[in-house]
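Reviewing the structure listed below.
Protein chains in written order, with the working numbering: chain S, 680 to 979; chain A, 589 to 674.
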């Protein structure tokens, strides 16, 4: 076998093996998207209920509470990044990092100090490689988030938020995550969790409608104190679930195009290999014919 | 007769939802009963049962923990981190 032919055969073989892997990953992700999507939907009622309650309190009561009031001066902002643990998901984690860059540039331009909280091994790796400091890192299970993790992150953030800025607390909390729109589209999104910005799904009350006066039990302050961590947790859990669903979708798409590319490579190399084989045969034939010619003309 | 639209949700799913005549829940201040036409309220739940009497008279009991109850225009939402039908 000619050297050229052997090289092509090797390349075909390697493309085929790669394709097997990417194909398997594509199928696994495809089967997990549905489950992840279901979890996003299942957590919907809870986060909607919490958000409604929070916005009701924020709209209908004029209580001074850190949850509802803007701080006069923001010294420090917390940024939470939701990335994946594993790669091979296209631009999934890169998108988050890029969004984060823009957000942080904006915050810094406003004179705010930024502290980072990272979710997912990819973000952690990005930060370690660039020798940037992160306040806390959570890894593992980004493709199947658990509520306990959200609770832990929520507790950490709320504790920091309640702490005064002079003692290292934060005045703002931003999250950056991939929102799952559908299987082909995931949008990186930056949301300011605290202080409350806009609350989705609730319209501002019209001036004409009588606002219901809320009764609080036990006390308005206590209710808000209890509501704050619940709200943060539910938003974080929702972000984690969305991010997980997006991760599967992104990986499925990335692996699909990888499999397609492998297919293309295999076709190209098969053509080239055929060509090489054919030209080898042609050369051999012409050598034989040439040799026979030489022999017969020598006899004469 | 006016009725309440009730939903009981936990962190990862909707536990129960439907129409009801009455709800009794345990808040940190004590038990509270809610009938249609109740004023808007937001209360913190203590660990305990939430009893729902549906419009056809059946009684549904859910264990709710670590959550709150909100009533607004006859829409009642029981939100708890952990909730399950008993």
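Every residue, glycine too, gets a C-beta built ideally from N, C-alpha and C.
Cβ shell of residue i (< 7 Å), same chain only, five flanking positions each side left out
| i | result |
| --- | --- |
| residue 869 (chain S) | 778, 782, 853 and 855 |
| residue 691 (chain S) | 945, 948, 949 and 952 |
| residue 689 (chain S) | none |
| residue 815 (chain S) | 796 and 835 |
| residue 630 (chain A) | 656 and 658 |
| residue 913 (chain S) | 725, 726 and 729 |
| residue 933 (chain S) | 767, 768 and 769 |
| residue 956 (chain S) | 684 |
| residue 744 (chain S) | 900 and 903 |
| residue 603 (chain A) | 596, 597, 650, 671, 672 and 673 |
| residue 805 (chain S) | 776 |
Exposure of residue i, with buried meaning 16 or more beta-carbon neighbours within 10 Å
| i | result |
| --- | --- |
| residue 927 (chain S) | buried |
| residue 809 (chain S) | exposed |
| residue 839 (chain S) | buried |
| residue 756 (chain S) | buried |
| residue 682 (chain S) | exposed |
| residue 1002 (chain S) | There is simply no residue 1002 (chain S) to check, as chain S begins at 680 and stops at 979 in what is shown. |
| residue 749 (chain S) | exposed |
| residue 592 (chain A) | buried |
| residue 696 (chain S) | exposed |
| residue 917 (chain S) | buried |
| residue 685 (chain S) | exposed |
| residue 673 (chain A) | exposed |
| residue 821 (chain S) | buried |
| residue 799 (chain S) | buried |
| residue 718 (chain S) | buried |
| residue 978 (chain S) | exposed |
| residue 850 (chain S) | buried |
| residue 968 (chain S) | exposed |
| residue 887 (chain S) | Confidence at residue 887 (chain S) is low in this model, with a pLDDT of 44, below 50, so the placement of that residue is unreliable and no value is reported for it. |
| residue 974 (chain S) | exposed |
| residue 845 (chain S) | exposed |
| residue 863 (chain S) | exposed |
| residue 960 (chain S) | exposed |
| residue 965 (chain S) | exposed |
Residue i: contacting residues in chain S (beta-carbon distance under 8 Å)
| i | result |
| --- | --- |
| residue 662 (chain A) | By Cβ distance, chain S contributes nothing, its closest Cβ being about 11 Å from residue 662 (chain A), past 8 Å. |
| residue 667 (chain A) | 725, 728, 729, 732 and 909 |
Partners in chain A for residue i, counting only beta-carbon separations shorter than 7 Å
| i | result |
| --- | --- |
| residue 916 (chain S) | 599 |
| residue 736 (chain S) | 630 |
| residue 872 (chain S) | None at all; the shortest Cβ gap to chain A is about 17 Å. |
Other residues of its chain near residue i: CB distance less than 8 Å, five sequence neighbours each side excluded
| i | result |
| --- | --- |
| residue 857 (chain S) | 761, 771, 774, 775, 865, 866, 867, 868, 921, 922, 925, 926 and 929 |
| residue 633 (chain A) | 613, 614, 615, 616, 652, 653, 654, 655, 656, 657, 666 and 668 |
| residue 831 (chain S) | 817 |
| residue 908 (chain S) | 833, 834 and 837 |
| residue 860 (chain S) | 866 |
Proximal chain A residues relative to residue i, where beta-carbon distance stays under 9 Å
| i | result |
| --- | --- |
| residue 897 (chain S) | 615, 616, 617, 631 and 632 |
| residue 901 (chain S) | 616 and 632 |
Same chain, Cβ closer than 6 Å to residue i, five either side skipped, listed in chain order
| i | result |
| --- | --- |
| residue 636 (chain A) | 614 |
| residue 663 (chain A) | 593 |
| residue 661 (chain A) | none |
| residue 786 (chain S) | 756 and 793 |
| residue 702 (chain S) | 938 |
| residue 791 (chain S) | 753 and 756 |
| residue 716 (chain S) | 924 |
| residue 605 (chain A) | 595 |
| residue 931 (chain S) | 705, 708 and 709 |
| residue 698 (chain S) | 938 and 941 |
| residue 883 (chain S) | Low confidence applies to residue 883 (chain S): its pLDDT is 49, below 50, so where it sits in the model is not reliable, and the reading given next is rough at best. Contacts found: none. |
| residue 638 (chain A) | 613, 650, 652 and 666 |
Proximal chain A residues relative to residue i, where beta-carbon distance stays under 8 Å
| i | result |
| --- | --- |
| residue 905 (chain S) | 632 and 656 |
| residue 892 (chain S) | 627 and 628 |
Short CB-CB distance (under 7 Å) between residue i and chain D
| i | result |
| --- | --- |
| residue 865 (chain S) | The structure shown contains no chain D; its protein chains are S and A. |
> For the stretch 714-728 of chain S, which residues have a CB atom closer than 8 Å to at least one CB atom of chain A, in sequence order?
Replying inline: Within the stretch 714-728 of chain S, those residues whose Cβ lies closer than 8 Å to any Cβ of chain A are, in chain order, 718, 721, 722, 724, 725 and 728.
> Which of the residues in the stretch 627-654 of chain A, read from start to end, lie with their CB under 7 Å from any CB of chain S?
Replying inline: Answer in chain order: 627, 628, 629, 630, 631 and 632.
> If you measure beta-carbon to beta-carbon, which residues of the stretch 596-609 of chain A are closer than 7 Å to chain S?
Replying inline: Answer set for the stretch 596-609 of chain A: 597, 598, 599, 600, 601 and 602.
> What alpha helix (DSSP H) runs, 4 residues minimum, are completely inside the stretch 927-979 of chain S?
Replying inline: Segments of the alpha helix (DSSP H) lying fully in the stretch 927-979 of chain S: there are none.
>> Could you tell me which whole alpha helix (DSSP H) segments of length 4 or greater appear in the stretch 752-791 of chain S?
In response: Runs of the alpha helix (DSSP H) lying entirely within the stretch 752-791 of chain S and spanning at least 4 residues, in chain order: 771-788.
> Which runs of the alpha helix (DSSP H), 4 residues or longer, sit entirely within the stretch 810-872 of chain S?
Replying inline: Fully enclosed alpha helix (DSSP H) runs of 4 or longer: 826-841.
>> Which residues of the stretch 821-846 of chain S have a Cβ closer than 9 Å to any Cβ of chain A? Give them in chain order.
In response: Taking 9 Å as the upper bound on Cβ-Cβ separation, chain A lies near residues 826, 829 and 830 of the stretch 821-846 of chain S.
>> Just to confirm the assignment: which complete beta strand (DSSP E) runs, minimum length 3, are found wholly within the stretch 614-664 of chain A?
In response: Counting only runs of 3 or more, we get 618-622, 629-632, 636-642 and 647-660.
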